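Engineer: Residue numbers (this note's numbering): 828 to 1093.
Shown next as structure tokens:
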């Protein structure tokens, strides 16, 4: 598992790197899902962390599924249809599910192509910052597959149904400017400035109170499916809990005293 993901902690921020640069960071090999589950659980359990960055080593974020394994029908793509289905639910879907359910705010620093499964992985982040060299696309139909990793659910929520349909039905790759125009990413910077920009955003996030951060992310995730009344009820319950924290009093006191707050997670 360690050959897939590397983790570097910088104070309250962790950087997760997909580490198969010689192959453009393909995903879906045996054990990849367990690697993501293990890393996200470990980081979520670290109460000192407040934000994470996900990026790719080398010149790609992730080129998606392993095409060689697909052609040879090995690994997650080998066996009977039932066995291939299990390769998705028992391995590939663990990748995207672990990121979707990750408690900490997650920034995708997209340093190059994010294709197919790699694009879906980037979509699972809360925020995306992209380099000039970034490209994104849903190329599944080009190899007679469908978006099988959550993209058909999430992409319309990010760029709208019409644009998501265009992406999926044509298999077109789009550039960094289009990513900004369509709202797929919130910032575009030079390749050299990417990680600095991601760290700058992560530091702003990490300056917030950790309990409220995780609660706010949970509400945003639940709001993808829940109706307005349900979210309002959940918001009232969460708000009541936050009012009884030391960090709430610290935040109010800091505003009244016109100073920076010191949030401790209590």
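A virtual CB, placed ideally from N, CA and C, is assigned to each residue, including glycine.
On a predicted model such as this, the values are computed, not experimentally measured, just so you know.
Residue ranges of each alpha helix (DSSP H) run of no fewer than 4 residues wholly in the segment 837-872, ordered along the chain?
Structural biologist: Entirely contained in the segment 837-872, the alpha helix (DSSP H) runs reaching 4 residues are, in chain order, 859-871.
Engineer: Determine, using beta carbons only, whether residue 898 comes closer than 8 Å to chain C.
Structural biologist: Protein chains in the displayed structure number just one, and chain C is not present.
Engineer: Classify residue 775 as buried or exposed, calling it buried when 16 or more other Cβ atoms lie within 10 Å of its own Cβ.
Structural biologist: Lying outside 828 to 1093, the shown extent of the chain, residue 775 is not represented and no answer is given.
Engineer: Under a three-way DSSP split, which group does residue 973 fall into?
Structural biologist: If DSSP states are grouped into helix, strand and coil, residue 973 belongs with coil.
Engineer: Closer than 7 Å: is that where the CB of residue 1066 sits relative to any heavy atom of the ligand ATP?
Structural biologist: The ligand ATP is absent from the structure shown, which contains no ligands of any kind.
Engineer: With distances taken Cα to Cα, identify the nearest neighbour of residue 887 among 901, 943, 928, 912.
Structural biologist: Residue 943 is the option with its Cα nearest to residue 887.
Engineer: If you draw a straight line from the C-alpha of residue 1048 to the C-alpha of residue 946, how long is it?
Structural biologist: Cα-Cα distance, rounded: 19 Å.
Engineer: Should residue 853 be labelled buried (16 or more other beta-carbon atoms within 10 Å of its own) or exposed?
Structural biologist: Residue 853 should be labelled buried.
Engineer: List in chain order: all unbroken alpha helix (DSSP H) runs of 4+ residues lying wholly within the segment 982-1006.
Structural biologist: Counting whole runs of 4 or more residues, the segment 982-1006 contains the alpha helix (DSSP H) stretches 988-997.
Engineer: Decide if residue 868 is buried, meaning its Cβ has at least 16 other Cβ atoms within 10 Å, or exposed.
Structural biologist: Exposed, since its Cβ has fewer than 16 Cβ neighbours within 10 Å.
Engineer: Between the beta-carbon of residue 848 and the beta-carbon of residue 885, is there less than 8 Å?
Structural biologist: In contact: residue 848 and residue 885 (Cβ atoms closer than 8 Å).
Engineer: For residue 1042, I'd like the list of residues in its chain whose CB is within less than 8 Å of its CB, leaving aside the five on either flank, ordered along the chain.
Structural biologist: So the list reads 1065, 1068, 1069, once near-sequence residues are dropped.
Engineer: If you draw a straight line from the C-alpha of residue 846 to the C-alpha of residue 839, how long is it?
Structural biologist: Approximately 22 Å between the Cα atoms of the pair.
Engineer: What do you get for residue 958, buried or exposed, if any count of 16 or more other CB atoms within 10 angstroms of its CB means buried?
Structural biologist: Buried.
Engineer: Which residues bound the alpha helix (DSSP H) around residue 1078?
Structural biologist: Looking at the DSSP string, the run of the alpha helix (DSSP H) that includes residue 1078 is 1073-1083.
Engineer: How far does the beta strand (DSSP E) with residue 908 in it reach, from first residue to last?
Structural biologist: From DSSP, residue 908 is part of no beta strand (DSSP E) but of the alpha helix (DSSP H) over 908-914.
Engineer: What did DSSP end up calling residue 929 once you bin it into helix, strand or coil?
Structural biologist: Coil.
Engineer: Go ahead and pull the three-state DSSP assignment for residue 962.
Structural biologist: If DSSP states are grouped into helix, strand and coil, residue 962 belongs with the strands.
Engineer: Assess, as a yes-or-no matter, whether the segment 1019-1027 is touched by the segment 855-875 under the definition of 3 or more beta carbon pairs within less than 8 Å.
Structural biologist: Result no; under three Cβ-Cβ pairs closer than 8 Å.
Engineer: Could you name the residues of the same chain whose beta carbon sits closer than 6 Å to that of residue 998, not counting the 5 residues immediately before and after it, in chain order?
Structural biologist: Excluding positions up to five away in sequence, the list reads 966, 968, 969.
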